[in-house]
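Data first, discussion second: the structure below is written as structure tokens.
2 protein chains.
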Amino acid sequence: MKYFTRPVKIGDIVIGGGAPIVVQSMTTTKTFEVEATVNQVDRLEKAGCEIIRVAVPDLESAKALEYIKEEIKIPLVADVHFRPSLALAALDHDIDKIRINPGTIRDLKKVKEIVLKAKEKNIPIRIGVNSGSLHPKYKGVENGLPQALVSSVLEYAQFFEDLDFTQIVISVKSSSVMETIEANQILAEKTKYPLHLGITEAGTLLSGSIKSSVGMGVLLFQGIGDTIRVSLAADPVEEVEVAHKILSALGLRNRGPEIIACPTCGRSEINLIPVAVEVEQKLSGLTAPLKIAVMGCEVNGPGEAREADIGVAGGKNGGLLFKKGKIIKKLSPKQMVPSLVEEAKRLAAGSKKEGRD
Amino acid sequence: MKYFTRPVKIGDIVIGGGAPIVVQSMTTTKTFEVEATVNQVDRLEKAGCEIIRVAVPDLESAKALEYIKEEIKIPLVADVHFRPSLALAALDHDIDKIRINPGTIRDLKKVKEIVLKAKEKNIPIRIGVNSGSLHPKYKGVENGLPQALVSSVLEYAQFFEDLDFTQIVISVKSSSVMETIEANQILAEKTKYPLHLGITEAGTLLSGSIKSSVGMGVLLFQGIGDTIRVSLAADPVEEVEVAHKILSALGLRNRGPEIIACPTCGRSEINLIPVAVEVEQKLSGLTAPLKIAVMGCEVNGPGEAREADIGVAGGKNGGLLFKKGKIIKKLSPKQMVPSLVEEAKRLAAGSKKEGRD
């Protein structure tokens with residue numbers, strides 16, 4: 100089902116060519132504030148970010164790339180708009196990819212300089228088109244915005260190919276989920292370059308996660324997309340966690356605990372919401388893919404708890420703790436969270452870490 | 100693209116037959132606490148809930164149905180497990196649908212009584228199968244759980260048909276997104292009864308919303324599903340809001356404001372996250388489908404803000420307020436939220452309320 104794309108190496112991470120879907124994010128610090136940026140990248144890496152992009156809106160930020168690169172472990176991508184000179188300055192450093200946008204760097208003579216320098220230094224380029232900054236010449240394109248986004252990105256890619264440059268990753272993003280889906284479906288049929296997916300300016304934490312989950316969910320289910328970035332007006336650590344949850348829902352990657360929690364109807368015997376929330380928080384640092392059930396009553400409770408790696412099912416006074424399908428013990432309401440957390444951590448310690456397959 | 104299903108009338112709401120996707124939820128109060136239940140239903144209705152289900156785990160709750168029904172405006176569904184007598188008791192009242200589960204009410208002689216009574220009273224039945232309470236006889240079914248869920252629900256439906264009862268809605272839910280998708284894809288090919296979608300026990304607010312968005316997103320995009328219920332371990336009002344956001348992302352329904360907010364990279368000129376969050380909160384009561392942009396900088400900012408009904412794009416000292424593509428005024432940082440909220444409310448007042456089409 101997966102659309103075949105060519106692999107492109109970003110540092111030691113492969114995008115495309117059947118590699119696992121890569122999770123990336125973007126820093127929100129001023130890039131020239133090296134220490135703050137590096138600290139944020141470290142937090143993002145711990146959360147499961149595999150490639151990091153930083154904005155390069157000025158020369159100070161371009162210069163900072165060198166110091167940031169020295170201090171971080173994951174591949175570094177420079178994001179440049181408007182000023183070709185900044186793209187060239189960014190390419191002076193040992194970065195792992197550069198992202199440029201056909202809508203904001205339009206002068207093809209300058210683009211040629213950037214491409215030739217990237218080629219010389221063997222640095223891949225993402226051509227990233229966004230609905231909000233589409234080159235005006237595509238605005239009137241027939242068949243609407245999705246086709247316009249695709250035409251813009253593919254014409255730029257053709258220009259790169261004519262310069263014998265093929266280390267290309269492509270993205271077309273719209274703040275409209277349906278436009279993003281349609282544009283990427285067209286792209287997947289027309290190009291072999293790996294696709295970077297995202298719903299741009301998706302919104303705040305919950306709303307943006309919903310739009311991203313619907314859009315990327317539909318595309319990834321169809322086998323479209325090689326790397327994803329969830330764009331949220333929120334701490335970028337949330338972007339990374341949401342990205343992993345999307346991949347996990349689709350069975351494409353598994354990282355960290357998944358809480359199966361019932362929605363507490365009038366049948367619930369325990370006050371389940373705080374239990375589920377607390378368990379999720381206390382286990383948020385784990386990377387082992389555990390399935391943990393927190394169930395309020397007897398309708399689906401024991402069934403779900405039995406199928407989970409570990410779980411509790413609520414009863415009249417407390418609940419039952421299940422582990423790998425067996426009842427381990429009866430818990431009082433007070434024991435519920437600490438016992439479940441303790442047993443889950445023990446299970447996690449004994450299980451393998453997330454693999455990249 | 101939409102799979103054709105037969106329409107089934109639940110009170111004055113139609114599920115299936117090409118009707119708009121219906122949003123439903125379930126109360127978390129003790130059903131026999133009538134006042135608390137009615138208050139929650141009122142809150143849910145205001146949030147956009149169109150059908151409400153209540154748990155009926157005891158006779159007191161069955162009796163309460165009569166009083167609840169008198170006090171609420173949206174159709175009322177009784178959810179019954181384990182005790183056929185409670186289903187019969189629920190059907191004594193003027194409810195709009197009853198939900199039973201083949202895994203928890205297995206005695207077909209009793210099921211026949213329920214079906215005949217529902218038929219006599221012209222009350223539709225949802226046959227709702229969940230992975231956690233699947234009838235044991237289907238556990239060994241070939242081709243795994245999705246096929247087992249489908250076999251269970253369709254055999255039950257056949258039994259209803261043999262009693263000449265066809266006012267049927269069907270659901271098959273798993274806490275696994277992929278299993279839920281697969282089961283519903285099989286179902287859509289095999290039945291003409293309308294489908295109620297949900298990922299069961301999806302989890303806490305954010306995690307559960309992501310799983311629901313991916314699962315329902317994929318299915319609805321394929322034209323599968325006539326009504327949805329998001330199951331969260333959270334206030335059910337959140338379930339309704341998330342459901343509407345999923346439908347809105349897919350362009351199937353539109354309710355309330357959509358905030359297009361950029362993810363604030365190192366390029367942002369304003370402290371955008373709190374602005375976006377505050378604007379979203381202050382406008383959360385609106386039902387008019389407005390597109391509102393809150394953008395941090397010049398890369399996509401003015402472009403997105405111009406395409407939105409209303410928006411701000413950040414600049415060095417404050418930002419610009421756009422309305423229907425035109426700059427209305429320059430805003431100081433302090434004016435940003437109040438001006439945007441005020442103008443959005445004015446726009447909303449002038450626009451039509453959400454239509455059901």
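So the protein lines, in turn, are chains A and B. If you count the first sequence from 1, you need to add 99 to reach the numbering used here. If you count the second sequence from 1, you need to add 99 to reach the numbering used here. From the three backbone atoms N, C-alpha and C, an ideal C-beta is built for every residue, glycine too.
Chain A contact for glutamate 453 (chain B) (CB, 9 Å cutoff): Numbered from 1 along the second sequence, position 354 holds the residue referred to as residue 453 (chain B). Only weak support exists for where glutamate 453 (chain B) lies, its pLDDT of 47 falling under 50; the coordinates are left without a value.
Proline 245 (chain B) burial status per 10 Å Cβ neighbour count (16 or more: buried): Within the second sequence, the letter at position 146 stands for residue 245 (chain B). Answer is buried; the Cβ neighbour count reaches 16.
Inter-stretch contact (C-beta, 8 Å, three-pair minimum) for the stretch 196 to 216 of chain A and the stretch 245 to 255 of chain A: yes
Between the CA atoms of isoleucine 120 (chain A) and glycine 454 (chain A) - distance to the nearest angstrom: Looking up residue 454 (chain A) in the first sequence gives position 355. Looking up residue 120 (chain A) in the first sequence gives position 21. Model confidence at glycine 454 (chain A) stands at a pLDDT of 41, short of 50, so the residue's coordinates are unreliable; what they give is reported in the following sentence. Distance between the alpha carbons of glycine 454 (chain A) and isoleucine 120 (chain A): 12 Å.
Range of the contiguous alpha helix (DSSP H) that encloses valine 140 (chain B): The count along the second sequence starts at 1 and reaches residue 140 (chain B) at position 41. From DSSP, the alpha helix (DSSP H) with valine 140 (chain B) extends over 133 to 146.
Where lysine 236 (chain B) meets chain A, residues with beta-carbon distance less than 9 Å: Start at 1 with the first residue of the second sequence, and residue 236 (chain B) comes out as number 137. Neighbours of lysine 236 (chain B) on chain A: none; closest Cβ ~14 Å, over 9 Å.
CA-to-CA distance, isoleucine 151 (chain A) to valine 140 (chain A), given in whole angstroms: Along the first sequence, one-based indexing puts residue 140 (chain A) at 41. Along the first sequence, one-based indexing puts residue 151 (chain A) at 52. Between valine 140 (chain A) and isoleucine 151 (chain A), the C-alpha separation is close to 7 Å.
Simplified DSSP state of glycine 324 (chain A), which is helix, strand or coil: Taking the first sequence and counting its residues from 1, one reaches residue 324 (chain A) at position 225. Residue state, collapsed to three classes: coil.
Interfacial residues, the stretch 312 to 323 of chain B to chain A, with Cβ spacing under 9 Å: Ser312, Val313, Gly314, Met315, Gly316, Val317, Leu319, Phe320, Gln321
Proximal residues, the stretch 392 to 419 of chain B versus chain A, C-beta separation under 9 Å: Ala392, Val393, Met394, Gly395, Cys396, Glu397, Val398, Asn399, Gly400, Pro401, Gly402, Glu403, Ala404, Arg405, Glu406, Ala407
Cβ distance (whole Å) where glutamate 300 (chain A) is taken to contact serine 330 (chain A) below 8 Å: For the purposes of this step, residue 300 (chain A) is taken as the residue at position 201 of the first sequence. For the purposes of this step, residue 330 (chain A) is taken as the residue at position 231 of the first sequence. Going by Cβ atoms, the distance from glutamate 300 (chain A) to serine 330 (chain A) rounds to 6 Å, so yes, they are a contact pair.
Pairwise C-alpha distance: isoleucine 323 (chain A) and phenylalanine 103 (chain A): Position 4 of the first sequence, counted from the start, is the residue given in the question as residue 103 (chain A). Position 224 of the first sequence, counted from the start, is the residue given in the question as residue 323 (chain A). Approximately 9 Å between the Cα atoms of the pair.
Valine 113 (chain A), enclosing beta strand (DSSP E) - first and last residue: The sequence position of residue 113 (chain A) within the first sequence is 14, counting from 1. First-last of the beta strand (DSSP E) with valine 113 (chain A): 112 to 114.
Coarse secondary structure for glycine 454 (chain A), derived from DSSP in three states: Residue numbering aside, residue 454 (chain A) sits at position 355 when the first sequence is read from its first letter. Because the pLDDT at glycine 454 (chain A) is just 41, under 50, the model does not fix this residue reliably, and the point stays unresolved.
For tyrosine 292 (chain B) and leucine 346 (chain B), the rounded distance between their alpha carbons: Within the second sequence, numbered from 1, the residue matching residue 346 (chain B) stands at position 247. Within the second sequence, numbered from 1, the residue matching residue 292 (chain B) stands at position 193. Roughly 21 Å between the two C-alpha positions.
Extent of the continuous alpha helix (DSSP H) run through valine 393 (chain A): The residue given as residue 393 (chain A) occupies position 294 in the first sequence. Looking at the DSSP string, valine 393 (chain A) is not in any alpha helix (DSSP H); the run it does join, the beta strand (DSSP E), is 390 to 394.
Proximity test, Cβ basis, 9 Å: serine 230 (chain A) and chain B: For the purposes of this step, residue 230 (chain A) is identified with residue 131 of the first sequence, where counting begins at 1. Answer yes: the Cβ-Cβ gap between serine 230 (chain A) and chain B drops below 9 Å somewhere.
Cβ of proline 156 (chain A) within 9 Å of any chain B Cβ: Start at 1 with the first residue of the first sequence, and residue 156 (chain A) comes out as number 57. It does; some Cβ of chain B falls within 9 Å.
Cβ-Cβ distance between valine 440 (chain B) and alanine 332 (chain A) below 9 Å: Stepping through the second sequence from its first residue, residue 440 (chain B) is reached at position 341. Stepping through the first sequence from its first residue, residue 332 (chain A) is reached at position 233. Taking 9 Å as the Cβ cut-off, valine 440 (chain B) and alanine 332 (chain A) do not qualify as a contacting pair.
Helix, strand or coil at glutamine 266 (chain A) according to DSSP, with G and I counted as helix: Looking up residue 266 (chain A) in the first sequence gives position 167. The answer is coil: DSSP assigns glutamine 266 (chain A) none of H, G, I, E or B.
Separation of serine 124 (chain B) from aspartate 456 (chain B), as counted between CA atoms: The count along the second sequence starts at 1 and reaches residue 456 (chain B) at position 357. The count along the second sequence starts at 1 and reaches residue 124 (chain B) at position 25. For aspartate 456 (chain B), the pLDDT reaches just 36, beneath the cut-off of 50, and the residue's location in the model is therefore unreliable, although a value from the coordinates is still provided. Approximately 20 Å between the Cα atoms of the pair.
Lysine 220 (chain A) versus leucine 190 (chain A) - alpha carbon distance: Along the first sequence, one-based indexing puts residue 220 (chain A) at 121. Along the first sequence, one-based indexing puts residue 190 (chain A) at 91. Whole-angstrom Cα-Cα distance: 8 Å.
The stretch 330 to 363 of chain A: positions lying closer than 9 Å to chain B by Cβ: Ser330, Leu331, Ala332, Ala333, Asp334, Pro335, Glu337, Glu338, Glu340, Val341, Lys344, Ile345, Ser347, Ala348, Leu349, Gly350, Glu357, Ile358, Ile359, Ala360, Cys361, Pro362, Thr363
Closer than 9 Å to chain A by CB, lysine 108 (chain B): Working through the second sequence from its first residue, we reach residue 108 (chain B) at position 9. Chain A, which has no Cβ nearer than 9 Å to the Cβ of lysine 108 (chain B), makes this no.
Touch test, the stretch 276 to 288 of chain B against the stretch 255 to 265 of chain B, Cβ-Cβ under 8 Å, three pairs minimum: no
Contact with chain B by arginine 198 (chain A), beta-carbon distance below 9 Å: Position 99 of the first sequence holds residue 198 (chain A). False, the Cβ-Cβ gap to chain B never drops below 9 Å.
Neighbouring residues, chain E, relative to isoleucine 372 (chain A) (Cβ below 7 Å): The structure shown contains no chain E; its protein chains are A and B.
Delimiting residues of the alpha helix (DSSP H) encompassing phenylalanine 258 (chain A): Position 159 of the first sequence, counting from 1, holds the residue named residue 258 (chain A). Where phenylalanine 258 (chain A) is concerned, the enclosing alpha helix (DSSP H) stretches over 243 to 261.
Listed by chain order, chain B residues near methionine 435 (chain A) by CB distance under 9 Å: Stepping through the first sequence from its first residue, residue 435 (chain A) is reached at position 336. Result: empty, since nearest Cβ-Cβ is about 14 Å, beyond 9 Å.
Residues of its chain near arginine 405 (chain B), where Cβ-Cβ distance is below 7 Å and the 5 sequence neighbours each way are ignored: Sequence index remark: in the second sequence, residue 405 (chain B) carries index 306 (1-based). For arginine 405 (chain B), where only same-chain residues beyond five positions count, the Cβ hits under 7 Å are Phe421, Gly424.
Assigned secondary structure, lysine 429 (chain A) (DSSP; H/G/I helix, E/B strand, else coil): Your numbering for residue 429 (chain A) matches position 330 in the first sequence. Looking at lysine 429 (chain A) - three-state DSSP - the assignment turns out to be strand.
Residues bridged to alanine 301 (chain B) (per DSSP): If you number the second sequence from 1, residue 301 (chain B) lands on position 202. BP columns for alanine 301 (chain B) point to A:Ala360.
Alpha-carbon spacing of asparagine 353 (chain A) relative to lysine 101 (chain A), whole angstroms: As a working mapping, residue 353 (chain A) is identified with position 254 in the first sequence. As a working mapping, residue 101 (chain A) is identified with position 2 in the first sequence. Approximately 18 Å between the Cα atoms of the pair.
Backbone secondary structure at isoleucine 199 (chain B) - three-state DSSP: As a position in the second sequence, residue 199 (chain B) is number 100, starting the count at 1. Residue state, collapsed to three classes: strand.
Chain B within 9 Å of threonine 326 (chain A), Cβ atoms only: Indexing the first sequence from 1 puts residue 326 (chain A) at position 227. Judged by the 9 Å Cβ criterion, threonine 326 (chain A) is not in contact with chain B.
Same chain only: Cβ atoms within 6 Å of serine 311 (chain B), ignoring 5 sequence neighbours per side: Here residue 311 (chain B) refers to the residue found at position 212 when the second sequence is read from its first residue. If we look at serine 311 (chain B) and ignore the five residues flanking it on each side, its Cβ neighbours are Ile298, Ala301, Val329.
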